[in-house]
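Asks:
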Amino acid sequence: MEAKTKDLWVFVETNEDGSAKNVGIELLTPGKDMAAKQGGELVAVVIGSNVDAAVEAASTHGADKVIVVDGPEYKGYTTDAYAIALCTLVEKYGPTSMLIGATNNGRDLGPRVSCRLKTGLTADCTALDIDEESGNVAWTRPAFGGNLMATILCPDHRPQIGTVRPGVFKKSEAGEAKAEIIKEDIHVEAKDIRTQVLELIQDLDSENVDLEGAEIIVSGGRGVGGPEGFEPVKALADALGGVVGASRAAVDSGWIAHSHQVGQTGKTVGPKLYIACGISGAIQHLAGMSGSDVIMAINKDPDAPIFDVADYGVVGNLFEVLPVLTEEIKKARA
355 MEAKTKDLWV FVETNEDGSA KNVGIELLTP GKDMAAKQGG ELVAVVIGSN VDAAVEAAST
415 HGADKVIVVD GPEYKGYTTD AYAIALCTLV EKYGPTSMLI GATNNGRDLG PRVSCRLKTG
475 LTADCTALDI DEESGNVAWT RPAFGGNLMA TILCPDHRPQ IGTVRPGVFK KSEAGEAKAE
535 IIKEDIHVEA KDIRTQVLEL IQDLDSENVD LEGAEIIVSG GRGVGGPEGF EPVKALADAL
595 GGVVGASRAA VDSGWIAHSH QVGQTGKTVG PKLYIACGIS GAIQHLAGMS GSDVIMAINK
655 DPDAPIFDVA DYGVVGNLFE VLPVLTEEIK KARA
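In the numbering used here, the protein residues as written are 355 to 688.
(1) Leaving aside the five residues before and after residue 650 along the sequence, list all residues of the same chain whose C-beta is less than 8 Å from its C-beta, in chain order.
(2) Please look up how many angstroms separate the CB atoms of residue 598 and residue 578, rounded, as I've assumed it's under 8 Å.
(3) Measure the beta-carbon distance from residue 547 to residue 641 and round it to whole angstroms, keeping in mind my assumption that it falls under 8 Å.
(4) For residue 533 and residue 399, I'd like the C-alpha separation in whole angstroms.
(5) Just to confirm the assignment, what range does the alpha helix (DSSP H) spanning residue 638 have?
(6) Could you check the C-alpha separation between residue 535 and residue 657 for me, to the nearest Å?
(7) Report buried or exposed for residue 369, applying the criterion of at least 16 other Cβ atoms within 10 angstroms of its Cβ.
(8) Using DSSP with H/G/I as helix, E/B as strand and the rest coil, what is residue 627?
(9) Report the three-state DSSP secondary structure of residue 534 (helix, strand or coil).
(10) Could you check whether residue 443 and residue 417 sit closer than 8 Å to each other, using their CB atoms as the reference points?
(11) So, is residue 551 buried or exposed, given that buried needs 16 or more other C-beta atoms within 10 angstroms?
(12) Measure the alpha-carbon distance for residue 485 versus residue 494 and round it to whole angstroms.
(13) Specify the secondary structure class of residue 419 as computed by DSSP and reduced to three states.
(14) Does DSSP put residue 452 in a helix, a strand or coil?
(15) Could you give the DSSP three-state label for residue 721: helix, strand or coil?
(16) Are the CB atoms of residue 473 and residue 589 nearer to each other than 8 Å?
(17) Just tell me which of 425, 394, 498 has its CA closest to the CA of residue 543.
(18) Does the beta-carbon distance from residue 319 to residue 378 come in below 8 Å?
(19) Specify, as a first and last residue, the run of the alpha helix (DSSP H) that residue 668 falls within.
(20) So, are the CB atoms of residue 662 and residue 635 less than 8 Å apart?
(21) Could you give the residue range of the alpha helix (DSSP H) that holds residue 587?
(22) Going by C-alpha distance, which of 366, 384, 686, 396 is nearest residue 360?
(23) Is it buried or exposed, residue 555, if we count other Cβ atoms within 10 angstroms and call 16 or more buried?
(24) Below 8 Å between beta carbons: does that hold for residue 475 and residue 465?
See the structure below:
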């Protein structure tokens, strides 16, 4: 389809209570700059039920306009209802580009919408920009197993769509709510929603780990040696008021649940402090944590690649270093 405007849209996903998920608000940060380069406005799109909180968050974090679709059929995410609503909006307003968070729902919604609109989609992006020569969005994502980064353009079809990993960008400081609120009355008949959520069951292995929202993460890798090796990692995380992360090697070995995994096939995080314990620093892991404000590495191999990205490094046995570090932190906080 042809773009009717030069606007950039950010899909702001909502929680069950109608509040905004972090990733949608995070994407308003790069979206503001990208929209300006495109010569358009930054538009947040909120779909859900009783979403006043999400609308307020989008309005105070930089959106020029907020398009709202609010209805009981959007209470829980379903592919059909959300895809119909979003495609209807795109066909009406014609944005030139759209950002969607690479959550479980976003990874489902993005491809469905792009297929219906007959346009392309770049998945799991870790960097965004506007190509100076063409004016197209330059989507950057890991490729070939994470061994290199590819930059992808979509020159011939609109809107340009990409899913972006949570935690890649920082939320801006909330300001005054200045966005124009546009309410759209789009309802989807029950017969057009082919799936229905009957019950939500908590993942007992998840331990309610919020890696993407954590300010401090202490991660363990192959160097912890086994499930028991995460005990000093957890002790340090508790002392710092942080959460426990892990590399793919530790998760694949069954030492800790996948919900703790940081990296290309796990969560992308951007905490204020990231402590990597016994993690070598494979590019797949770096793709998930290199956006941290401060990185500290603890590894007995002085040539480990993790030291190339670390702000602070300790060459030593993590089982000797972590207890001392934990004890000193406890003393300082006593």
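Cβ coordinates follow ideal geometry from the N, Cα and C atoms, glycine included.
Replies: Per the coordinate set shown:
(1) 627, 628, 629, 630, 664, 665, 666, 667, 668
(2) Actually they do not touch by this definition, with Cβ atoms about 11 Å apart.
(3) Actually they are not in contact, since the Cβ atoms of residue 547 and residue 641 sit about 36 Å apart, beyond 8 Å.
(4) 12 Å
(5) 637-643
(6) Per the coordinates, the alpha-carbon of residue 535 lies some 54 Å from the alpha-carbon of residue 657.
(7) In the assembly as shown, residue 369 is an exposed residue. Its beta-carbon has fewer than 16 other beta-carbons within 10 Å.
(8) strand
(9) strand
(10) no
(11) exposed
(12) 11 Å
(13) Residue state, collapsed to three classes: strand.
(14) strand
(15) Shown here, the chain extends from 355 to 688; a query on residue 721 therefore has no answer.
(16) no
(17) Residue 543 has its Cα closest to that of 425, out of 425, 394, 498.
(18) Absent from the model: residue 319. The displayed extent of the chain is 355 to 688, so no value can be given.
(19) Where residue 668 is concerned, there is no enclosing alpha helix (DSSP H), although the beta strand (DSSP E) it sits in stretches over 666-669.
(20) Less than 8 Å separates the beta-carbon of residue 662 from that of residue 635.
(21) Run containing residue 587: 584-594, per the alpha helix (DSSP H) assignment.
(22) 396
(23) exposed
(24) yes
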